[in-house]
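Worksheet for the structure shown next.
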Amino acid sequence: MRIEVTPADIAASRYAISPLGEAVWALRVHAGQHSVPGLAPWMARTRPAFERLRRDQPAVGALMALLRRGGYNADFIQPPPDGIGRTFADELAVVRATPLAQARDELSRNLAGLPSPPAYARRIYDSPNVVDRMADAIEAAWVTLVQPDWPRLRAVLERDLVHRAGRLLAYGWGAAVAGLDPRLRWDSGGGLGAIEVADRDPRSYSLDGRGLLFIPTVFGMMINYVEPPWPFAIVYRASGVAELLGPPDPDRPADALDRLVGRSRAAVLRALALPATTSQLVAQLGLSLGGVGDHLSVLRDAGLITRVRSGRSVRYRRTPLGDTLAED
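1 is the number of the first residue of the sequence shown in UniProt numbering; add one for each residue after it.
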C-alpha cells in the first residue's frame, strides 16, 4: 500500500490517543493474537480478572470471536478517534451511534473466512441490539483491564505523541515515519513522496491535504485506516512501555544507583519516570504497601521526588535531581 502525501498534509496531520482502542487491544493481547515485549507482568496481574470477564460476559466472548489478525476487523468496534482529547466515553458514544445496517455489513465482512462462531455469539451478532452488546463488551474490558492503569498508560502515550509530532514538524515525513514500525517506509521519490506499508493491499491512496492521524498504542500493533467514513490513520506501538507496567528484571546486575540507595529504593525511583500513585507502584513493583511508602518518604526527604495531588489521588514524580540520578 502507498499513502501519498503533500507538504500541506504535514500541517493537517495530528496525533491522538484512543482509550477505547486500548481496551480492544488489551483483549487481543489476552486472546494471544499478538505479544508485546514487557507486558508479561501486566498479563499475569490482570489474567484472573480477564477470565472472570470472559466467563461472566457472553458479549465479551462474542467480541473476541470477531478479532482476527491478518484480515478485516469490523471498523465500528474500534474506530479511530475523531479528534484530540477524546475520552473513553466520547469514543464509546461513537460506537453506540453506529447504524445497525453498517454494523451488520461490517460483521458479515469480518466473519467471512473465519471458523463458524459459537452459537451464543451468532445469536448476539443477529440480535437487533448487537451494537449496544458490542459496546457493553468494550466498556467491560475498559473498566476491568485498562482503566486502573490508565493514568500511567496515558502518560506513556502522551510522551510518545509529543515526541513524534515534534519530529514531523521539525524534520518532515521521513523522520516521523522512521522507527514507527518495520513495515512502514518513507519513499521520497516519485514526485510528492509516500508512506509505503508492507501489507497485502496493492492500492495507492492520497491524503489530498487532509493529513494523517497518528495513534500510539500500548497494547496494540501497527494497523491503518484508509476506508470511509474514518480519517486516514496509522496506529503504531508507543515506546517506553515495559518498564512502567512490571517489576524490574531480577537478573539485571546491580548498578551504581542500586548500590547507593538499595535495589528496591532504586526501583521505585526508576519507576517514577512518569508520575504514579503508591498503589500503582505496589502493583508494578511487587513490593508491600508499607515498603513502598517508606521508600517514597526517604526519596522525598532527599529531594529526589515530590508529591502532586490530582483530584482525590496523590501521585509522586521525580524532581530534576531525581531524573539526573535515575538516568545516569
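Think of the CB as a built atom: it goes at the ideal place given N, C-alpha and C, for glycine as much as any other residue.
Out of S206, G211, D201, R312, the CA that lies nearest to the CA of I223 is found in D201. Taken in chain order, the complete beta strand (DSSP E) segments of 3 residues or longer contained in the stretch 202-275 are 204-206, 213-217, 223-225, 233-237. Within its own chain, the residues whose Cβ lies closer than 8 angstroms to the Cβ of I10, once the five positions on either side in sequence are excluded, are L168, L169, G172, W173, G211, listed in chain order.
L184 is the residue among L184, A12, P7 whose C-alpha sits nearest the C-alpha of A198. L63 is positioned such that its CB atom lies closer than 8 angstroms to that of I138.
DSSP, reduced to helix, strand and coil, places D323 within a helical segment of the structure shown. Shown here for V94: same chain residues with a beta carbon closer than 6 angstroms to its own, the five before and five after excluded, namely P79 in chain order.
Y316 counts as buried, since at least 16 other C-beta atoms from the protein chains shown sit within 10 angstroms of its C-beta.
Residue state for S279 is assigned as helix, using DSSP reduced to three classes. Between the alpha carbons of R54 and A276 lies a gap of roughly 29 angstroms. In the three-state scheme derived from DSSP, where H, G and I count as helix and E and B as strand, V5 is classed as coil. Look at I17 here: in three-state DSSP terms it is coil, with no helix or strand label. The stretch 112-132 makes no contact with the stretch 27-36, as fewer than three CB pairs between them are under 8 angstroms. Between G71 and G113, the CB-CB gap stays under 8 angstroms. Between the alpha carbons of L111 and F88 lies a distance of about 26 angstroms.
When rounded, the separation of the alpha-carbon atoms in A266 and Q280 is 16 angstroms.
Put simply, the backbone Cα of R252 is about 47 angstroms away from that of T6. E158 and L272 have their alpha carbons spaced roughly 16 angstroms apart. In this structure, DSSP gives I84 a state outside helix and strand, which the three-state scheme calls coil. Its chain contains R2, R185, D187 as the residues whose beta carbon lies nearer than 6 angstroms to that of E196, once the 5 sequence neighbours on both sides are disregarded; these appear in chain order. Per the C-alpha coordinates, the member of A23, A97, P128 positioned closest to L145 is A23.
Burial state of I84 is exposed, judged by a 10 Å Cβ sphere holding fewer than 16 other Cβ atoms. Bounds of the alpha helix (DSSP H) holding T46 are 40-56. Under the DSSP definition of a beta bridge, A194 partners with E4, D187.
Under DSSP, the beta-bridge partners assigned to Y316 are A276, R307. H34: not part of any alpha helix (DSSP H); DSSP gives it neither H nor E.
Relative to A302, the option among L321, T217, V308 whose CA is nearest is L321.
In the DSSP assignment, V146 falls outside any alpha helix (DSSP H) and carries neither an H nor an E. Comparing alpha carbon positions, the residue from G291, R270, T278 closest to A326 is R270. Excluding its 5 nearest sequence neighbours in each direction, G293 has C-beta neighbours in its own chain below 8 angstroms: T278, listed in chain order. Going by DSSP, Q102 is part of the alpha helix (DSSP H) stretching over 100-111.
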